[in-house]
Structures are given as C-alpha cells and as structure tokens.
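Take a look at the structure below.
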Amino acid sequence: MVGVGHIPSEDVSRTKFHLWYHESYTSGIDEKARFPRDRYDKILAQLQTLPNSTKLEIKTPEPISRELLLLGHSTNYVDNFLNGALSESEMRRIGLTPWKPEIVDRTLLLTGGALEATLHAVQNGGLAGNMAGGTHHAHRDFGSGYCIFNDLAICAKYAVSELKKQSVVVLDLDVHQGDGTATILQSEQNILTISLHCSTNFPFRKSVSDIDIPLPPGISDDIYLQNVKIAIQNCLDFNPDLVLFQSGVDGLATDALGKLNISREGMQKRNQMVFDAMLGHRIPTVIFMGGGYSKPIEYTVDAFVDLFGDAITWNEKWHFE
Ligand SMILES: [Zn+2]
C-alpha cells in the first residue's frame, strides 16, 4: 500500500475511521428476542456502499478481561454473569430474552470493542467507534434496559486510571437517561457525565448525572438542537481531553420507544454539531452507538449510517485539514 504524499502507509491506515464490529453483535442475541438485533448487519452492509467507505476500517474486537469489567462493576455481578448464574428476574430486568449461551461472548466482545475504540482515539486522535453498545442503563450491581455491562463507565475509568487522562466527558444524547453511567461515575472527579434525554422516557426513576438536561416529550428539531448546543457547551466547559459520545438515535419521531419528534435531518445535524465542536477543539471522541427502535427498523439504520458516514468524514478532516 502506498502512502499519501509524505505520509507513510501505516499512518494512512491509522487515520482511517476505525469502527469495531463483530458478527456476534447480531448472532449473540436470540432471534426470538424483541430487541431489533438485525440492525447491526444492516448498518454494516449500508456503510460499505458509502462513497467514503474507503476511509472506513472495520476492526474485530477482542473480548474484554474480567479484571477490566471490575472497573465498573461488582465482583458478584460480574462473576454471576460470566458463570451463567444470574437469576430469572435479573435477566428479565436486562431484557434481550430469551438468552442463549452466546450472549456471554457477545457481551465481552462488545465491551472489548468499546475499550479498543477508546484506546485508538486516545493514541491517534480523531474519531473512533464501536458499532454496538452505549450500554448506559447498566449499574454497578445489576443490568437493566438491554444493558449488561456499562461500556461508557468502564472506558471512562480506564481512560483516567490506565491512559492517564485528566478530564473525560460522557456526552449522552440518547433519548433515555444515562442512569447507570451517572451512578457508577458519581464520585469520579475527573469524569463529567452529561445526559440530554426525554423526561418521560425510561428509566422512570432517574439518577443524578453531573449535568442532566431533561426534555419534554414531543419536541422537534429546533428546541432539541438548542439543547444539544447547551450540552456541547457544558462538555467543552469541562475542558475534556477525551469525549465518550453516546449517540443513540431513539429520539427520532419514528422510534417506537423514544417520545421525541426529531427528523432524520435533525438527528444528523446533532451529530455534526458534536463532531464540529470536538474537531474545533481537537478533542478525541469515541462513538458508543446507543439505542434505536424505529418501526420499521430501516429508519434507525439510516440514522446510524448517517452517524458513522459523517464520522468517517469528520475523522478525515481531523487528520488532513
Ligand atoms: Zn435509548
């Protein structure tokens, strides 16, 4: 492979948008589960047809270690999950049921993908992402709302303790509050949690993030984007050296769970506002995919393809403009 101008070829590869993905993101969920598991395959297929897909590098994750899971979770909870010893009610609270044994590997790979994306963004700058996760409803001792382990909390703590980052922001723009992230990271001075969400959506008992911006149901693009701007400013005010962006698209008007009324264009504008701000301040940013439950699922798929397609473009701007 040849380089671009004076840049050696291995550096050209490093400057592509790296997106972690594993087929178990889909196959690790039982086909009878209510969760729209085929969204991952569909997003991947569409991403590969984008004009800028040559600047996309799909990466295969390694499973996360038990030790790193303990950054965010209690020993009991981690070991019970790994040993298939969670109770029926614990599994029901998570959802994704009926569970199949492959859900363990899926969870370890998915959380490993988030960690590798975080490491990549810190080492190379720009944007990196994981094509699943953003599992913000997972708490220290229990999972909930389709979330088993909290990838955002684990990666934020990893960035501080192992990568020596001084200031990390979890910017959570999913329509649901990042309740698990807020509680796990409650006493972390180097990590700021921001959650912009619909006030009447799950979880019905909210946690307290460092900054919560609850939105009334039914709002559309204008008010939404004004509040996105506030959330981004709050993020920049913390002067972060790393941003973990939970980019759920379940605020779309077509979403079956979210109660906001955001257009596809509004959602794309939101992502571009985040990318512009982080590029402008040279803050490495990791995309944790988040929720999306439109009916039909194609609306969710389109919005995630917009997200990752723009991430390719903005990552390119970071490295070459
Ligand atoms: Zn959500």
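Residue 137 in numbering that gives the first Met the number 0 is what sits at position 138 of the sequence shown, and the numbering runs on without skipping anything. Every residue, glycine too, gets a C-beta built ideally from N, C-alpha and C.
The C-alpha of Ala-116 is placed about 12 angstroms away from the C-alpha of Gly-132. By the Cβ criterion, the segment 262-270 is not in contact with the segment 204-214, since fewer than three pairs of Cβ atoms, one from each stretch, lie closer than 8 angstroms. Cβ neighbours of Thr-14 within its own chain (closer than 6 angstroms, five residues either side excluded): His-318.
In this structure, Lys-258 lies away from Gly-290, with their beta-carbon atoms at least 8 angstroms apart. Shown here, Asn-270 sits in a helix according to DSSP, grouped into three states. Under a 10 Å Cβ-count criterion, Gln-245 is classified as buried, with 16 or more other Cβ atoms of the shown protein chains found around its own Cβ.
Per DSSP, Ala-44 is one residue of the alpha helix (DSSP H) stretching across 38-46.
Looking only at Met-130, Thr-299, Ile-212, the smallest Cα-Cα distance to Asp-254 is reached by Thr-299. Taking Gly-94 as the centre and dropping the five residues before and after it, the same chain places the C-beta of Tyr-145 closer than 6 angstroms to its C-beta, in chain order. A Cβ-Cβ contact shorter than 8 angstroms links Gly-112 with His-21. The beta carbons of Asn-200 and His-175 sit closer together than 8 angstroms. No Cβ-Cβ contact shorter than 8 angstroms links Asn-233 with Leu-214.
Cβ contact annotation for Glu-30 (same chain, cutoff 8 angstroms, sequence separation greater than five): Arg-36, in chain order. In this structure, Val-285 sits away from Ile-231, with a CB-CB distance that is not shorter than 8 angstroms. Look at Asp-150: its beta carbon is at least 7 angstroms from all of the heavy atoms in ligand 1. Under the Cβ criterion (8 angstroms, minimum of three pairs), the segment 299-308 does not count as touching the segment 119-126. If you check the C-beta of Gly-247 against ligand 1, you find a heavy atom less than 7 angstroms away.
Taking the C-beta atoms as reference points, Ile-193 is found no nearer than 8 angstroms to Val-167.
Around the beta carbon of Phe-80, a 10 Å sphere encloses 16 or more other beta carbons of the protein chains shown; the residue is thus reported as buried. Comparing alpha carbon positions, the residue from Leu-126, Ser-23, Val-242 closest to Tyr-39 is Ser-23. Excluding sequence positions up to five before and after Asp-240, its CB lies within less than 8 angstroms of the CB of Lys-164, Gln-165, Ser-166, Val-167, Ile-282, Pro-283, all in the same chain and listed in chain order.
For Asp-211, the uninterrupted beta strand (DSSP E) segment begins and ends at 210-214.
For Ala-113, there is no enclosing beta strand (DSSP E); the residue is found in the alpha helix (DSSP H) stretching over 101-123. Rounded to whole angstroms, the Cβ separation of Ile-261 and Gly-250 is 4 angstroms, and the two are in contact under 8 angstroms. In the DSSP assignment, the residues bridged to Lys-58 are Trp-19.
At least one heavy atom of ligand 1 is found less than 7 angstroms from the C-beta of Val-174. In this structure, the beta-carbon distance from Ile-102 to Ala-152 does not fall below 8 angstroms. In the three-state reduction of the DSSP assignment, Thr-96 falls in the coil class, being assigned neither a helical nor a strand state. A buried status is given to Asn-129, since no fewer than 16 other beta-carbon atoms sit within 10 Å of its beta-carbon. Around the beta-carbon of Ala-276, 16 or more other beta-carbon atoms lie within 10 Å, marking it buried.
Minimum Cα-Cα distance from Thr-59 among the listed residues Ile-42, Trp-19, Met-90 corresponds to Trp-19. A residue is called buried when at least 16 other Cβ atoms come within 10 angstroms of its Cβ; Asp-301 meets this threshold and is buried.
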